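Numbered according to the numbering used here, the sequence shown spans residues 2 to 325.
This report concerns only the one structure given below.
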Amino acid sequence: MSQSNRLSNHQLVQRITLPDPKGSILDMVLDTDTFNEIDDQFALVYALLSPDRVKVHAVYAAPFVNAKSKTPAIGMAMSYDEIFELYQRMPSKPDVPVHRGSEQWMRQARGPVESDACHDLIERAMSRSVDDPPLYVVAIGAPTNVSSAIAKCPEIMDRIVVVWLGGHAVSHPTAREFNLGQDLLASQTLFDSGVPLIRIPCIPTAQMLRTTVAELTHYIGNKNPMCDFLLQRYAEHEAMETTQKRERWNVAHIAYCKEIWDVATIAILVNSTWCRSTITPSPILTRDMTWSVDPSRHLIRDLISMNRDAIFGDMFYKLANMSS
2 MSQSNRLSNH QLVQRITLPD PKGSILDMVL DTDTFNEIDD QFALVYALLS PDRVKVHAVY
62 AAPFVNAKSK TPAIGMAMSY DEIFELYQRM PSKPDVPVHR GSEQWMRQAR GPVESDACHD
122 LIERAMSRSV DDPPLYVVAI GAPTNVSSAI AKCPEIMDRI VVVWLGGHAV SHPTAREFNL
182 GQDLLASQTL FDSGVPLIRI PCIPTAQMLR TTVAELTHYI GNKNPMCDFL LQRYAEHEAM
242 ETTQKRERWN VAHIAYCKEI WDVATIAILV NSTWCRSTIT PSPILTRDMT WSVDPSRHLI
302 RDLISMNRDA IFGDMFYKLA NMSS
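In structure tokens form, the structure reads like this:
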């Protein structure tokens, strides 16, 4: 997708200004590969437990491929099911619709992929006036659903702000990262389309949000069914990765911690003072998953750092004190 200039840089800077933590409630949808790891679950629940700052209008199941899923379609279906596993453990079932997403990558389809998620995003965005506050499209997986909607209906870019966790800092030797690399064309679409984009690089920014079983047990252990479920998911992932790392590094002992990457996207909407960011030209993502920089390109916002203690403090408090 060639670079678009639907919005001027002045308009983009206004749109990607981080929201005032004392401002009005923000409208958002969440696009999530929920069963991929263990951070999406925390992010979804954190958003649902922050109604004073965000109103979640819809959740979209995103595709993924890894050891758990052989195809994008299987990964999307597993994500769809995991969303309802979380819904069942909320004090009351959220009145938030869930839509199935793409069953293949944009790079396979060579263009937008039709899905319920793609259609719902277009419909929700286009129901808003360009003069309304934007719909925040929070994407925490491969951006196939979101980029498909942008490619299919570019007019939505006048009505949305995409908040995406993907890739690494432009200063990093490589852009290669799970969310970005799963569907290269979809990722390139985000950077080239001109959509208002707030991006959280994984390294070094979201990488700051690390925790451990011991910390989770201290703050959310034995509090309610949701906390028990999240702690169980984390512990299962720790057991798997600990075994893998011992074998890979040929060591008998490791001190394990894990990034809860995706929480960063919700945290900046809950309280933008918990992060530092910069305005920068949208980087060019090459087919080799490296960065190229052109100062004449449209502007995006990149997150630089996160206040890990404040973010986890807020999330742990909300989790521990939710009604069972």
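Backbone N, C-alpha and C fix where the C-beta goes; we use that ideal spot for every residue, glycine too.
This structure is a prediction, so every number in the text was calculated from the model and none was measured.
So aspartate 184 and methionine 79 are in contact, right, with Cβ under 8 Å, and what is the actual spacing, rounded?
Taking the sequence shown and counting its residues from 1, the one referred to as residue 184 is at position 183. Taking the sequence shown and counting its residues from 1, the one referred to as residue 79 is at position 78. Their Cβ separation, rounded to whole angstroms, is 17 Å, which puts aspartate 184 and methionine 79 out of contact at 8 Å.
What span of residues does the beta strand (DSSP E) with methionine 307 cover, start to end?
Against the sequence shown, residue 307 aligns to sequence position 306. That run of the beta strand (DSSP E) goes 300-307.
State the Cα-Cα distance for the pair methionine 2 and tyrosine 220, rounded to the nearest angstrom.
Counted from its first residue, the sequence shown places residue 2 at position 1. Counted from its first residue, the sequence shown places residue 220 at position 219. With a pLDDT of 47 at methionine 2, under the threshold of 50, the modelled position of that residue is not reliable, and the figure given next carries that caveat. When rounded, the distance between both Cα atoms is 46 Å.
Suppose you measure from the CA of leucine 1 to the CA of arginine 249; what does that come to, to the nearest Å?
No statement about residue 1 is possible, as the shown extent of the chain runs from 2 to 325 and does not include it.
With a floor of 4 residues, list each alpha helix (DSSP H) that falls wholly inside the stretch 201-272, ordered by position along the chain.
List check, alpha helix (DSSP H) in window: 214-221, 226-250, 264-271.
Please return the same chain residues whose Cβ sits closer than 7 Å to the Cβ of serine 324, not counting the five positions on each side in sequence.
Taking the sequence shown and counting its residues from 1, one reaches residue 324 at position 323. So the qualifying residues of the chain are Pro92.
Does leucine 191 come out as helix, strand or coil in the three-state DSSP assignment?
Your numbering for residue 191 matches position 190 in the sequence shown. Leucine 191: helix per DSSP, three-state reduction.
Lysine 319 and leucine 50 - do their beta-carbons sit closer together than 7 Å?
Residue 50 sits at position 49 when you count from the first residue of the sequence shown. Residue 319 sits at position 318 when you count from the first residue of the sequence shown. Yes, the Cβ-Cβ distance between leucine 50 and lysine 319 is below 7 Å.
If I'm right that serine 149 touches proline 113 with Cβ under 8 Å, what's the distance once you round it to whole angstroms?
On the sequence shown, position 148 is the one that residue 149 refers to. On the sequence shown, position 112 is the one that residue 113 refers to. Indeed they touch by this definition, with Cβ atoms about 4 Å apart.
Applying the 10 Å Cβ sphere with the 16-neighbour rule, what's the burial state of isoleucine 17?
By 1-based counting over the sequence shown, the position of residue 17 is 16. Buried is the call here.
One question on the structure: do valine 66 and valine 138 come within less than 7 Å of each other, judged by their Cβ atoms?
Counting from 1 along the sequence shown, the entry for residue 66 is found at position 65. Counting from 1 along the sequence shown, the entry for residue 138 is found at position 137. Not closer than 7 Å, so no.
Count the other CB atoms within 10 Å of the CB of glutamate 156; is the residue buried (16 or more) or exposed (fewer)?
Walking along the sequence shown from the start, residue 156 turns up at place 155. Per the 10 Å Cβ criterion, exposed.
What separation, rounded to the nearest whole angstrom, lies between the Cα atoms of proline 135 and leucine 210?
Taking the sequence shown and counting its residues from 1, one reaches residue 135 at position 134. Taking the sequence shown and counting its residues from 1, one reaches residue 210 at position 209. If you take the alpha carbons of proline 135 and leucine 210, they lie about 27 Å apart.
Hey, is the stretch 110-125 in contact with the stretch 83-101, meaning 3+ C-beta pairs nearer than 8 Å?
These segments touch.
Ordered along the chain, which non-local residues of its own chain (more than five positions away) have a Cβ less than 8 Å from that of isoleucine 15?
Translated into the one-based positions of the sequence shown, residue 15 becomes position 14. First, the residue type needs correcting, since residue 15 is glutamine and not isoleucine in the sequence shown. If we look at glutamine 15 and ignore the five residues flanking it on each side, it has no Cβ neighbours.
In angstroms with no decimal places, state the Cα-to-Cα distance between histidine 11 and isoleucine 301.
What you label residue 11 is simply residue 10 of the sequence shown in a count that begins at 1. What you label residue 301 is simply residue 300 of the sequence shown in a count that begins at 1. Their Cα atoms are separated by approximately 11 Å.
Which residues mark the beginning and the end of the beta strand (DSSP E) in which arginine 277 is found?
Start at 1 with the first residue of the sequence shown, and residue 277 comes out as number 276. Run containing arginine 277: 276-282, per the beta strand (DSSP E) assignment.
Do isoleucine 285 and serine 293 have their C-beta atoms closer together than 7 Å?
Translated into positions along the sequence shown, residue 285 becomes position 284. Translated into positions along the sequence shown, residue 293 becomes position 292. Result yes, Cβ atoms of isoleucine 285 and serine 293 sit closer than 7 Å.
Would you report the Cα separation of valine 332 and aspartate 21, rounded to the nearest angstrom?
What is shown of the chain runs 2 to 325, which leaves residue 332 out entirely.
Would you call proline 226 buried or exposed, if buried means 16 or more other Cβ atoms sit within 10 Å of its Cβ?
For the purposes of this step, residue 226 is taken as residue 225 along the sequence shown, with counting starting at 1. Looking at its Cβ environment, which holds fewer than 16 other Cβ atoms inside 10 Å, proline 226 is exposed.
Return the Cβ separation of asparagine 268 and isoleucine 204 in integer angstroms, given the expectation that the two are a contact with Cβ distance under 8 Å.
The count along the sequence shown starts at 1 and reaches residue 268 at position 267. The count along the sequence shown starts at 1 and reaches residue 204 at position 203. First, the amino acid is wrong: residue 268 is alanine here, not asparagine. Going by Cβ atoms, the distance from alanine 268 to isoleucine 204 rounds to 17 Å, so no, they are not a contact pair.
In terms of residue numbering, what span does the alpha helix (DSSP H) encompassing methionine 127 cover?
Position 126 of the sequence shown, counting from 1, holds the residue named residue 127. Residues 117-127.
Contact check, methionine 307 vs tryptophan 275 under 8 Å by CB: the rounded distance?
Within the sequence shown, residue 307 is the residue found at index 306, counting from 1. Within the sequence shown, residue 275 is the residue found at index 274, counting from 1. Going by Cβ atoms, the distance from methionine 307 to tryptophan 275 rounds to 6 Å, so yes, they are a contact pair.
Can you check the stretch 7-64 for any alpha helix (DSSP H) of at least 4 residues that lies completely inside it and give the ranges in chain order?
Taking only runs of at least 4 residues, the alpha helix (DSSP H) segments lying wholly in the stretch 7-64 are 10-16, 40-49.
Considering alanine 152, what are the terminal residues of the alpha helix (DSSP H) in which it resides?
As a first step, residue 152 must be located in the sequence shown, where it is residue number 151. Taken as a continuous stretch (DSSP letters only), the alpha helix (DSSP H) holding alanine 152 covers 145-153.
Taking leucine 217 as the reference, give the member of Ile255, Ala207, Lys23, Arg234 with the closest Cα.
By 1-based counting over the sequence shown, the position of residue 217 is 216. Closest by alpha carbon: Arg234.
Look up serine 293 in the DSSP assignment and say whether it is helix, strand or coil.
Walking along the sequence shown from the start, residue 293 turns up at place 292. Of the three classes helix, strand and coil, the one that applies to serine 293 here is strand, per DSSP.
Would you decide whether methionine 316 is buried or exposed? Buried here means 16 or more other CB atoms lie within 10 Å of its CB.
The count along the sequence shown starts at 1 and reaches residue 316 at position 315. With 16 or more other Cβ atoms within 10 Å, it is buried.
Excluding the five sequence neighbours on either side, which residues of its own chain have a C-beta within less than 7 Å of the C-beta of tryptophan 296, listed in chain order?
Residue numbering aside, residue 296 sits at position 295 when the sequence shown is read from its first letter. Tryptophan is not the amino acid found at residue 296; the sequence shown has proline there. These residues qualify, in order along the chain: Pro282.
Could you tell me if cysteine 258 is buried or exposed, where buried requires 16 or more neighbouring beta carbons within 10 angstroms of its beta carbon?
Mapped onto the sequence shown, residue 258 falls at position 257. Classification of cysteine 258: exposed, given that the 10 Å Cβ count is below 16.
Since proline 187 and proline 144 are thought to touch, with beta carbons under 8 Å apart, how far apart are those beta carbons, to the nearest angstrom?
Numbered from 1 along the sequence shown, position 186 holds the residue referred to as residue 187. Numbered from 1 along the sequence shown, position 143 holds the residue referred to as residue 144. Reading the sequence as shown, one finds alanine at residue 187 and not proline. That pair is a contact at about 5 Å.
Could you check whether glutamate 239 and valine 214 sit closer than 7 Å to each other, using their CB atoms as the reference points?
To locate residue 214, count along the sequence shown from 1; it is residue 213. To locate residue 239, count along the sequence shown from 1; it is residue 238. Yes, Cβ-Cβ distance for valine 214 and glutamate 239 is below 7 Å.
For leucine 13, which residues in the same chain have their Cβ closer than 8 Å to its Cβ, ignoring the five residues on either side in sequence?
Here the question's residue 13 lines up with position 12 in the sequence shown. Counting only Cβ-Cβ distances below 8 Å, and skipping sequence neighbours, we find Gly195, Pro197, His299, Leu300, Ile301.
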